[in-house]
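A quick write-up on the structure given underneath.
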Amino acid sequence: MTSFVLSDTALEHALQPGADVRPPTDFTKQIAARISAQPGRSSSWPLSRAWPRLSPTVIQLLLVLLLLLVLALGAFVIGSRPPTDYTTRSGWILLEHFGANPVDGSVPAEGSLAPIGRSLWLIRADGTQLHEVTPGIPADGKTNPAWSRDGRRIAFESVYPQSLVYETTIDGVKPEIVGSHEPDCTMSGLVPCYERSPAYSPDGQHLVTVISGWGEAGQATIYLRQRYGSNEECSRPAGCWHLGYGFDSTLVSTSIEGLSWSPDGTQITFYRVAKNRFGKPLNSELWVVNADGTDPRVVPLPEELKPGDPDWSPDSSLIVFSSEPIHDWREAGVPGAPDVYTVRPDGRDLRQLTHDRDSGAPGWTSDGKILFYRTGRMWLMDADGSNAAPVYSHGPTLWSDATGWSNYGYWQPIP
Amino acid sequence: MDHTVAGLPHNVSLVARAQAGDQAAFTRLIDERHQQLYRTAWAILRNDADALDATQETCLGAWRELPRLRDPARFDAWLTRSLVNRCRTALRSRRRASVREVQLEQSAGLELPSTDRDAGESLANSEAIRRAFERLNGEQRSYLVLHYVEHRSIAEIAAIVSAPEGTVKWRLSEARRALQSRLAREDR
Chain A
2 MTSFVLSDTA LEHALQPGAD VRPPTDFTKQ IAARISAQPG RSSSWPLSRA
52 WPRLSPTVIQ LLLVLLLLLV LALGAFVIGS RPPTDYTTRS GWILLEHFGA
102 NPVDGSVPAE GSLAPIGRSL WLIRADGTQL HEVTPGIPAD GKTNPAWSRD
152 GRRIAFESVY PQSLVYETTI DGVKPEIVGS HEPDCTMSGL VPCYERSPAY
202 SPDGQHLVTV ISGWGEAGQA TIYLRQRYGS NEECSRPAGC WHLGYGFDST
252 LVSTSIEGLS WSPDGTQITF YRVAKNRFGK PLNSELWVVN ADGTDPRVVP
302 LPEELKPGDP DWSPDSSLIV FSSEPIHDWR EAGVPGAPDV YTVRPDGRDL
352 RQLTHDRDSG APGWTSDGKI LFYRTGRMWL MDADGSNAAP VYSHGPTLWS
402 DATGWSNYGY WQPIP
Chain B
52 MDHTVAGLPH NVSLVARAQA GDQAAFTRLI DERHQQLYRT AWAILRNDAD
102 ALDATQETCL GAWRELPRLR DPARFDAWLT RSLVNRCRTA LRSRRRASVR
152 EVQLEQSAGL ELPSTDRDAG ESLANSEAIR RAFERLNGEQ RSYLVLHYVE
202 HRSIAEIAAI VSAPEGTVKW RLSEARRALQ SRLAREDR
């Protein structure tokens with residue numbers, strides 16, 4: 002091929018859809034039919050549009066009723082508050098913020114939850130000292146963080162334009178890329194490749210990550226590297242192995258997510274999720290593989306659970322996970338109904354810990370409790386599901402404009 | 052070129068009626084815009100099925116989310132942002148899931164004038180640009196399409212992506228550089 006200068010005209014000619022590119026002629030009719038079939042939106046929504054039509058008397062009556070309702074709810078909440086108080090626990094909680102709101106103050110269009118603009122925040126158990134981890138660095142967003150076992154370092158994944166694994170410290174030193182930082186890395190023959198979902202080894206010297214690419218190989222690889230490894234492939238002791246490979250068709254694909262390394266150092270868990278081409282999840286599986294790369298296996302679970310977000314218990318005997326993980330289901334606009342479960346890595350002793358269909362993103366604390374998301378707050382409970390209570394009853398609600406959406410919390414292992 | 056979407060004037064009252072639940076008003080808004088939305092999605096995603104899904108999902112999502120739009124005058128930017136986000140999600144999902152890219156031979160890009168004595172070379176160049184474009188990520192594709200295909204100004208793109216104009220200029224320039232880099236690789 003001959004070299005040529007990329008002119009604006011050539012660019013436009015090449016990318017402009019042809020005249021025959023057009024939607025079906027009945028497109029609008031289809032949309033009209035589908036919105037008619039949806040659960041209706043009230044024509045009086047939003048309330049502000051109906052407000053001027055109400056008389057002052059009716060407005061006063063509504064305000065009185067509202068006040069009574071608030072008082073009743075307050076009494077109920079105070080009366081039913083669990084006795085457990087987690088606000089005095091030490092350590093930081095690391096939160097994942099799901100994305101910036103538009104600067105004009107409007108509500109983001111659906112789908113804009115993910116993924117650019119994501120950030121990480123630290124907060125105390127009593128809801129104080131909320132602050133962002135290395136704001137704006139890197140500028141491409143942060144997601145899928147992991148604590149080192151000593152609670153001093155944080156690895157995370159950047160989002161745009163290429164997912165890379167970074168590491169910073171609890172003190173907020175400038176994040177450094179850990180692993181490959183070539184714009185078009187060619188490890189494992191994958192061009193280009195993306196490195197994601199870091200998890201530390203118990204000794205903090207290694208990171209296990211997922212590398213994926215969409216070249217001819219079309220596969221994802223779980224990859225173990227020295228924490229400050231160069232571009233050497235598959236550093237010892239575990240080597241690397243392919244598990245997230247391939248695709249079933251252009252409609253269904255799979256990816257590997259949520260790596261967690263067992264505290265005894267022997268095993269790694271993760272989940273594979275099958276999605277359609279728009280990222281909507283269809284199914285998922287919980288997997289365990291030995292840390293030396295041998296014996297990858299599916300944890301046998303009831304098919305309807307759709308597991309994700311696994312994390313090892315401190316004694317490495319149990320895996321906590323959620324059904325319909327928020328990172329996959331809700332982000333894709335699918336109304337997931339998650340609950341928290343524990344199971345042994347061989348599939349025995351499956352136990353459902355929550356039953357409200359709005360509890361997910363679980364993770365263990367170093368003393369064997371489970372931190373999880375429930376309805377706008379981070380909660381804590383014992384390993385058997387008892388003593389569930391918000392971590393900070395008086396602090397900020399995470400699901401608010403002030404702090405943005407956040408479902409995922411990670412308690413500092415050693416404060 | 053003036054863009055609200057495809058040069059349509061803002062119709063704030065129509066948007067307000069749709070926000071209040073008027074399905075006929077919403078259908079009219081969509082009817083006026085769906086061709087433009089579809090072509091934008093197609094230019095980013097480069098195939099019919101994905102473009103149709105993205106456009107449909109955007110329209111259905113808009114109906115659900117419209118009551119939460121605070122400023123009806125920003126409807127077009129809001130709608131386009133939703134579409135672009137869906138296209139990016141679709142592309143990112145392909146990559147995260149390690150899906151092999153399907154080569155799209157049905158590409159319907161316009162060709163340079165046949166009277167050009169270098170028409171053959173131009174055709175090859177267009178193909179090379181398209182192949183290189185399909186190696187870019189969703190964000191890069193979106194910026195290039197909005198600016199070079201739809202001729203949207205920096206200010207318009209900034210309104211769509213909710214970013215400062217300086218950021219848009221930088222992202223656009225990065226996208227162009229990435230495309231040129233891919234083209235150079237095609238050349239080797």
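Note that the protein sequences, when read in sequence, are chains A and B.
Under the working numbering, think of the first position of the first sequence as 2, with each following residue one higher.
Under the working numbering, think of the first position of the second sequence as 52, with each following residue one higher.
Ideal placement from N, C-alpha and C gives every residue a C-beta, glycine not left out.
Given the structure is predicted, the values throughout are model-derived calculations rather than measurements.
Under 8 Å, Cβ to Cβ, is there at least one residue of chain A near residue i?
i, result
"D82 of chain B", "yes"
"S204 of chain B", "no"
"L103 of chain B", "yes"
"Y89 of chain B", "yes"
"A126 of chain B", "Before going further, note that residue 126 of chain B is Phe rather than Ala in the sequence given. Closer than 8 Å: no."
"A94 of chain B", "yes"
"N176 of chain B", "yes"
"L195 of chain B", "yes"
"V66 of chain B", "no"
"R168 of chain B", "Residue placement at R168 of chain B cannot be trusted, given a pLDDT of 41 that sits under 50; the coordinates are not used to answer."
"E63 of chain B", "According to the sequence provided, residue 63 of chain B is Val. The question's Glu does not apply to it. Cβ-Cβ to chain A under 8 Å: no for V63 of chain B."
"L230 of chain B", "yes"
"L223 of chain B", "no"
"I180 of chain B", "yes"
"V219 of chain B", "no"
Provide the residue span of the beta strand (DSSP E) that contains residue i, from first to last.
i, result
"K276 of chain A", "268 to 277"
"H85 of chain B", "It is not in any beta strand (DSSP E) - H85 of chain B instead sits in the alpha helix (DSSP H) that spans 74 to 96."
"L121 of chain A", "120 to 125"
"S37 of chain A", "Segment 28 to 38 is the alpha helix (DSSP H) holding S37 of chain A; no beta strand (DSSP E) there."
"T366 of chain A", "It is not in any beta strand (DSSP E) - T366 of chain A carries neither H nor E in the DSSP assignment."
"D312 of chain A", "308 to 313"
"V341 of chain A", "341 to 344"
"I155 of chain A", "154 to 159"
"L283 of chain A", "282 to 291"
"Y374 of chain A", "371 to 375"
"S324 of chain A", "320 to 324"
"H300 of chain B", "In the structure as shown, chain B starts at 52 and stops at 239, and residue 300 of chain B therefore has no counterpart that could be examined."
"Q378 of chain A", "Checking the displayed sequence, the identity of residue 378 of chain A turns out to be Arg instead of Gln. Note, R378 of chain A: beta strand (DSSP E), 378 to 382."
"P146 of chain A", "143 to 148"
Of all the CB atoms in chain B, is at least one closer than 8 Å to the CB of residue i?
i, result
"E158 of chain A", "no"
"F322 of chain A", "no"
"A147 of chain A", "no"
"I36 of chain A", "yes"
"D9 of chain A", "yes"
"C235 of chain A", "Confidence in C235 of chain A is poor, its pLDDT being 44 and thus under 50, which makes the residue's placement unreliable; the coordinate value appears in the next sentence. C235 of chain A does not count as touching chain B."
"R119 of chain A", "no"
"E196 of chain A", "no"
"V104 of chain A", "Legend: pLDDT at V104 of chain A = 33, less than 50; position of this residue unreliable, value from coordinates given subsequently. So yes, V104 of chain A belongs to the interface."
Comparing alpha-carbon positions, which option in the options lies nearest residue i?
i, options, result
"A124 of chain B", "B:Q191, B:V66, B:E201", "B:V66"
"H356 of chain A", "A:S323, A:T210, A:S198", "A:S323"
"L88 of chain B", "B:S193, B:E216, B:S177", "B:S193"
"L283 of chain A", "A:E325, A:I257, A:P24", "A:E325"
"G361 of chain A", "A:V299, A:P25, A:Y409", "A:Y409"
"L354 of chain A", "A:G92, A:F373, A:T170", "A:F373"
"W122 of chain A", "A:T89, A:T88, A:T169", "A:T169"
"V1 of chain A", "A:G205, A:I257, A:D293, A:I171", "Within the shown structure, residues of chain A are numbered from 2 to 416, placing residue 1 of chain A beyond reach of any answer."
"V392 of chain A", "A:V22, A:V59, A:T10, A:L96", "A:L96"
"T295 of chain A", "A:L287, A:E286, A:Q268, A:S317", "A:Q268"
"S224 of chain B", "B:N62, B:A105, B:L195, B:T109", "B:L195"
The alpha helix (DSSP H) with residue i in it runs from where to where?
i, result
"S202 of chain A", "S202 of chain A -> no alpha helix (DSSP H), and no H or E assigned at all."
"G189 of chain B", "189 to 195"
"L120 of chain B", "Looking at the DSSP string, L120 of chain B is not in any alpha helix (DSSP H), and its letter there is neither H nor E."
"V212 of chain B", "205 to 212"
"A11 of chain A", "9 to 16"
"V66 of chain B", "63 to 70"
(Q) Counting beta carbon pairs with one atom in the region 56 to 75 of chain A and one in the region 383 to 393 of chain A, are three or more of them shorter than 8 Å? (A) With a cut-off of 8 Å, the region 56 to 75 of chain A and the region 383 to 393 of chain A do not count as touching, because too few Cβ pairs lie within range.
**Q.** Selection of the region 341 to 369 of chain A by Cβ proximity to chain B, strictly under 9 Å
**A.** none
(Q) Quick test of the definition: if touching needs 3 or more C-beta pairs under 8 Å, does the region 127 to 144 of chain B touch the region 211 to 218 of chain B? (A) yes
Q.
With a threshold of 8 Å, are at least 3 pairs of Cβ atoms found where one atom belongs to the region 62 to 82 of chain B and the other to the region 178 to 198 of chain B?
A. Judged by pairs of C-beta atoms under 8 Å, the region 62 to 82 of chain B does not touch the region 178 to 198 of chain B, as fewer than three such pairs exist.
Q.
If contact is defined by three or more beta carbon pairs under 8 Å, each pair taking one atom from either stretch, is the region 155 to 169 of chain A in contact with the region 267 to 276 of chain A?
A. no
Q) Counting Cβ pairs, one atom from each stretch, are 3 or more of them under 8 Å apart for the region 298 to 318 of chain A and the region 333 to 353 of chain A? A) With contact defined as three or more Cβ pairs closer than 8 Å, the region 298 to 318 of chain A and the region 333 to 353 of chain A are in contact.
Q: Below 9 Å between beta carbons is the criterion; list the residues of the region 109 to 121 of chain B that meet it against any residue of chain A, in chain order.
A: T109, C110, L111, G112, A113, W114, R115, E116, L117, P118, R119, L120, R121
(Q) Output needed in chain order: residues of the region 11 to 33 of chain A with a Cβ under 7 Å from some Cβ in chain B. (A) A11, L12, E13, H14, A15, L16, Q17, P18, G19, D21, V22, R23, P24, F28, T29, I32, A33
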